[in-house]
Amino acid sequence: MTKLNSDNLQLSAAGKLKHLLNLEGLDKNFITRLLDNAENYLRPKGSLPARDYGLQGQTVANLFFEPSTRTRASFELAAKRMSADVLNLDVNMSSRIKGESILDTIFTLQAMQVDVFVVRDAGDGIPEFIARNVGTHASVLNAGEASTSHPTQGLLDMLTIRQAKGRLDGLSVTIIGDIAHSRVARSLSHGLRIMGNNDIRLVAPGGMAPDMALYPGASLYEDADTAVKDADVLVALRIQRERIEDPSGIPTEAEYNQRYGLTTDRVALAKPDAIVMHPGPMNRDVEISGKVADGPQSVVRQQVTNGLAVRMAVLSAVMESR
Ligand code: NCD
Numbered sequence: 091m092t093k094l095n096s097d098n099l100q101l102s103a104a105g106k107l108k109h110l111l112n113l114e115g116l117d118k119n120f121i122t123r124l125l126d127n128a129e130n131y132l133r134p135k136g137s138l139p140a141r142d143y144g145l146q147g148q149t150v151a152n153l154f155f156e157p158s159t160r161t162r163a164s165f166e167l168a169a170k171r172m173s174a175d176v177l178n179l180d181v182n183m184s185s186r187i188k189g190e191s192i193l194d195t196i197f198t199l200q201a202m203q204v205d206v207f208v209v210r211d212a213g214d215g216i217p218e219f220i221a222r223n224v225g226t227h228a229s230v231l232n233a234g235e236a237s238t239s240h241p242t243q244g245l246l247d248m249l250t251i252r253q254a255k256g257r258l259d260g261l262s263v264t265i266i267g268d269i270a271h272s273r274v275a276r277s278l279s280h281g282l283r284i285m286g287n288n289d290i291r292l293v294a295p296g297g298m299a300p301d302m303a304l305y306p307g308a309s310l311y312e313d314a315d316t317a318v319k320d321a322d323v324l325v326a327l328r329i330q331r332e333r334i335e336d337p338s339g340i341p342t343e344a345e346y347n348q349r350y351g352l353t354t355d356r357v358a359l360a361k362p363d364a365i366v367m368h369p370g371p372m373n374r375d376v377e378i379s380g381k382v383a384d385g386p387q388s389v390v391r392q393q394v395t396n397g398l399a400v401r402m403a404v405l406s407a408v409m410e411s412r
């Protein structure tokens with residue numbers, strides 16, 4: 091039985107990763123090791139993907155109670171490439187919509203000897219709730235929690251930045267758009283704060299500005315051009331309509347594009363070697379122009395490649411906690 095660290099549910103008493111719920115509880119060395127290990131799973135373009143037997147005999151269940159393309163596909167491929175048995179629960183068929191509680195779903199799967207639960211849910215606190223109640227042998231990986239946390243996205247974003255810039259310190263990183271509803275912005279900001287002394291600039295339309303208490307160390311800008319000026323990294327976010335309760339304040343797509351979109355002209359205000367990121371799904375010519383998304387500064391596809399490697403590294407890390 092793994093003994094947990096009582097101050098940090100994510101870590102075992104020996105400091106190993108038991109659950110991945112958010113980045114806040116991890117330190118710089120820990121994150122650096124995870125990113126280094128993710129690099130080991132990357133292969134040159136055109137060669138066969140990395141595989142290993144690290145999860146042989148283990149069962150990974152992907153429970154996505156919200157839509158997902160990249161995150162779900164990459165968790166599935168990551169688990170398969172590490173030789174796990176993988177179960178993808180189809181949410182539309184699941185008992186959850188028939189009223190079964192999430193814990194009953196978890197306990198049902200646990201009765202089939204699932205070892206790792208990958209969970210995406212619209213409810214704040216759900217991954218932690220499951221981690222507190224799951225059997226001691228099991229691990230919970232947060233694959234997107236409300237507007238709160240998306241730790242593997244934060245890790246893949248940091249890996250992408252580190253590859254391009256050679257460091258995760260002393261960088262100006264501008265995140266633009268619907269920050270208030272973005273778990274991507276939150277996990278990346280927290281991660282960058284842990285990793286170094288970075289200048290994190292947030293810029294959002296009025297109703298989409300975040301509660302800055304949730305973004306310690308970051309600065310809020312009103313004007314996108316000012317926030318983009320001389321930045322090293324630009325991150326575009328879509329309007330996350332599914333999380334917006336009162337749609338009356340949502341800008342039109344044309345307005346969002348004009349004031350907050352990453353257009354060629356706006357990107358030109360950043361450093362000449364700035365990189366452009368987007369977590370996906372992208373709305374071309376709304377938050378990012380097609381030209382920028384496909385242009386030389388875009389690392390959007392590299393983010394996807396890194397997502398798979400990061401998820402392999404996280405799966406490998408939780409095996410070490412056993
Ligand atoms: C993000 C998410 O789900 O939070 N997507 C992703 O995981 N790549 C961002 C988004 O939905 O806009």
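Per this note's numbering, residue 91 is the first one in the sequence shown, and the count goes up by one each step. Glycine residues also receive a C-beta, built at the ideal position from the N, C-alpha and C atoms.
Any non-hydrogen atom of the ligand NCD within 8 Å of residue i CB
{"i": "proline 369", "result": "yes"}
{"i": "serine 388", "result": "no"}
{"i": "arginine 273", "result": "yes"}
{"i": "glutamate 343", "result": "no"}
{"i": "threonine 395", "result": "no"}
{"i": "leucine 110", "result": "no"}
{"i": "serine 191", "result": "no"}
{"i": "glutamine 253", "result": "no"}
{"i": "arginine 391", "result": "no"}
{"i": "glutamate 166", "result": "no"}
{"i": "glutamine 100", "result": "no"}
{"i": "serine 279", "result": "no"}
The alpha helix (DSSP H) enclosing residue i, as first and last residue numbers
{"i": "valine 400", "result": "390-409"}
{"i": "arginine 222", "result": "216-223"}
Boundaries (first-last residue) of the beta strand (DSSP E) holding residue i
{"i": "methionine 367", "result": "365-367"}
{"i": "aspartate 289", "result": "289-293"}
Residue from the options whose Cα sits closest to the Cα of residue i
{"i": "glycine 213", "options": "Leu324, Glu332 and Ile365", "result": "Glu332"}
{"i": "glycine 339", "options": "Leu138, Ala294 and Glu377", "result": "Ala294"}
{"i": "phenylalanine 155", "options": "Gly244, Val209 and Leu282", "result": "Val209"}
{"i": "glycine 426", "options": "Val404, Ser185 and Asp375", "result": "In the structure as shown, the chain starts at 91 and stops at 412, and residue 426 therefore has no counterpart that could be examined."}
{"i": "isoleucine 251", "options": "Gln330, Val394, Ser102 and Met409", "result": "Val394"}
{"i": "leucine 398", "options": "Ala228, Ala233, Leu107 and Gly115", "result": "Ala233"}
{"i": "phenylalanine 197", "options": "Gly115, Leu153 and Thr159", "result": "Leu153"}
Proximity of residue i and residue j at Cβ, strictly below 9 Å
{"i": "isoleucine 187", "j": "aspartate 211", "result": "no"}
{"i": "methionine 402", "j": "tyrosine 131", "result": "yes"}
{"i": "leucine 99", "j": "leucine 245", "result": "no"}
{"i": "valine 206", "j": "threonine 161", "result": "no"}
{"i": "valine 323", "j": "isoleucine 365", "result": "yes"}
{"i": "valine 404", "j": "leucine 177", "result": "no"}
Check: So does the region 218-228 actually touch the region 164-176, counting three or more Cβ pairs closer than 8 Å?
Finding: no
Check: Taking contact to mean at least 3 C-beta pairs separated by less than 8 Å, is the region 276-283 in contact with the region 239-248?
Finding: yes
Checklist line | Three or more C-beta pairs below 8 Å linking the region 356-364 and the region 288-305 | finding: no
Notebook entry, point to check: So does the region 119-135 actually touch the region 375-391, counting three or more Cβ pairs closer than 8 Å?
Noted result: no
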